[in-house]
Structure formats: structure tokens, C-alpha cells
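Heads up, the thing below is written out as C-alpha cells.
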Amino acid sequence: MKVKIPKMKIIEKIAKRSQDADNPRPTIAFLGDSVTEGCFELIPKNSEGFNNVYDGESVYHKKVAEILKVLFPTVLLNIINAGAAGTGAVYGLERLERDVLSKNPDLTVVCFGLNDCGKEDEGISEYI
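For the sequence shown, the tail end lands on 145 under our numbering, and the numbers increase by one without skipping.
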């Protein structure tokens with residue numbers, strides 16, 4: 018089965034906005050796990066569990082926004098960070114409508130897999 022992937026038009030939308038402020042502000046949504054949210058490190062607690070360490074400057078949605086700001090310095094973007102630490106693809110699918118599609122994004126970036134792969138075969142089948 019061949020899947021047709023639609024052409025990404027986000028750059029065209031950003032360019033239109035840069036030429037005319039009456040064009041809608043482009044929205045990019047990021048759906049994923051802790052990496053999407055901005056958590057890159059876990060520090061063990063004294064007895065059990067972990068504390069998440071967040072880095073809001075290194076999270077990849079911020080890096081994408083910085084690159085687009087260089088290319089289109091006059092355009093403000095709506096960035097939606099729908100990352101949730103400790104979650105996998107199944108919970109992402111459950112959150113998709115509420116956290117992303119209801120916001121009508123022009124582009125959605127999805128990144129899951131780290132938490133799913135830790136469950137071995139069960140996690141892989143859920144991920145698929």
C-alpha cells in the first residue's frame with residue numbers, strides 16, 4: 018500500500034504572513050513525550066521515583082522557532098508544546114484531538130518512541 022504524504026505548506030504560510038499581517042498567524046504543534054516537553058534528564062529521588070529536569074531553552078520546538086525567526090524575523094508563530102513526560106504513543110493518540118487538533122495547527126510534529134521501546138514487544142506493538 019502506497020501512502021500519499023501531503024505537501025508541507027508551512028513555509029508558504031509563514032512567507033504570506035511576513036508579507037501581509039492580515040494573513041493568519043501560523044501555528045505549529047509538537048506532540049510527544051518528555052523530550053518534546055523539554056525533559057532531558059531524570060535525577061533519582063532519595064527513596065523512589067525520579068525528579069524531571071527541564072530545559073526550556075534546548076527543547077526542539079524552541080530550536081525550530083529560532084530557525085524560523087532567522088528566516089522570517091517579522092513573523093510571530095503560535096507554538097503549541099503538547100509534550101507529556103512519561104507517556105507513549107497510545108496516550109498521545111488519546112490526547113491528539115484535545116491537545117493538538119482542536120487548535121487547528123498548520124503543522125504538527127509528532128515524536129514518540131522512547132517510553133514505548135522500554136516495554137519490549139508489547140511497547141512496540143502499541144507504538145505501531
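For every residue, glycine included, the Cβ atom is placed at its ideal position computed from N, Cα and C.
All of these numbers come straight from a predicted model, not from anything done at the bench.
Query: Given Ile60 as reference, the closest of Glu54, Asp50, Tyr71 and Thr53 once Cα atoms are compared; Result: Tyr71
Query: Nearest candidate by alpha-carbon position, reference Ile145, set Leu118, Val126, Val107 and Glu111; Result: Val107
Query: Proximity below 8 Å, CB of Asn69 to CB of Gly105; Result: no
Query: Simplified DSSP state of Asn132, which is helix, strand or coil; Result: helix
Query: Among Gly109, Ser142 and Asp138, the one whose alpha carbon lies nearest that of Phe47; Result: Gly109
Query: Paired residues, beta bridge with Thr53 - DSSP; Result: Thr53 is not bridged to any residue.
Query: Exposed unless 16 or more other CB atoms sit within 10 angstroms - verdict on Val87; Result: exposed
Query: Same chain only: Cβ atoms within 6 Å of Asp6, ignoring 5 sequence neighbours per side; Result: Nothing about residue 6 can be reported from this structure: the residues present for the chain run from 18 to 145 only.
Query: Classification of Asp50 by the beta-carbon crowding that lies within 10 angstroms, buried from 16 upward; Result: buried
Query: Backbone CA spacing between Phe67 and Ile96 [nearest angstrom]; Result: 28 Å
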